[in-house]
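Anchor point for the sequence shown: position 51 equals 50 in numbering that gives the first Met the number 0, and the numbering is continuous, going up by one each time.
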Amino acid sequence: MADSQLERLKSFRGFIQEAEQGASVPPVSADDLKLLHNVCIEMTKRYSGKDGVITLDVMARTCNPGANLAAVWLRHSRLRLLVRQGLLAEWQHGTDLDDAVYWVAATIPMNGIDLDPETFIRVLRDQIARGDCRTCTDRSGESEPLQ
Numbered sequence: 000m001a002d003s004q005l006e007r008l009k010s011f012r013g014f015i016q017e018a019e020q021g022a023s024v025p026p027v028s029a030d031d032l033k034l035l036h037n038v039c040i041e042m043t044k045r046y047s048g049k050d051g052v053i054t055l056d057v058m059a060r061t062c063n064p065g066a067n068l069a070a071v072w073l074r075h076s077r078l079r080l081l082v083r084q085g086l087l088a089e090w091q092h093g094t095d096l097d098d099a100v101y102w103v104a105a106t107i108p109m110n111g112i113d114l115d116p117e118t119f120i121r122v123l124r125d126q127i128a129r130g131d132c133r134t135c136t137d138r139s140g141e142s143e144p145l146q
């Protein structure tokens, strides 16, 4: 394993361990969440409905340069859980999700690995009602955190 890959893996594991202890998970790009979601959907199709393993290298190639891969993965894993539970059906069209879903998933405050489904849906509805989710990202490609 190349030194850069090993360092990426160590950093990823360290981040997840800190999150498991309740550390804050920083906001990420909604575009990165959407890109990762699409890769996961393609892998599921390829493996007859079963989730495949997404490597860090695939994530690094999928996400924008400089993305916090661990934060993207953690936020995406929580988003996938909400999808699997059917809680986002209102904003789901086949395997596609409304951009507002990615925006909220990218920016909602997270401390630790848990994401409260009721809070997520309330924030999503509030952001849509206020018209704050028309686009996923600002000009820099970074999602602005929710306040």
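Idealized CB from N, CA, C, for every residue including glycine.
Boundaries of the alpha helix (DSSP H) harbouring I127: 116-129, taken from the DSSP string. Between V27 and N67, the beta carbon gap of about 6 angstroms places them in contact (Cβ cut-off 8 angstroms). Membership of Q16 in the alpha helix (DSSP H) is indicated by the continuous run 2-19. In the three-state scheme derived from DSSP, where H, G and I count as helix and E and B as strand, L35 is classed as helix. With respect to T54, V38 sits apart: the two C-beta atoms are not nearer than 8 angstroms. Cβ contact annotation for N63 (same chain, cutoff 7 angstroms, sequence separation greater than five): S28, D30, D31, G140, in chain order. In the DSSP assignment, L73 falls within the alpha helix (DSSP H) that extends over 68-83.
For L96, the three-state secondary structure derived from DSSP is strand.
Around the CB of A128, fewer than 16 other CB atoms lie within 10 Å, so the residue is classed as exposed. Closest by C-alpha distance to G111, out of S10, R74, D2, is R74. In the DSSP assignment, D56 falls within the alpha helix (DSSP H) that extends over 55-61. In this structure A69 is in contact with F11, their Cβ atoms being roughly 5 angstroms apart against a cut-off of 8 angstroms.
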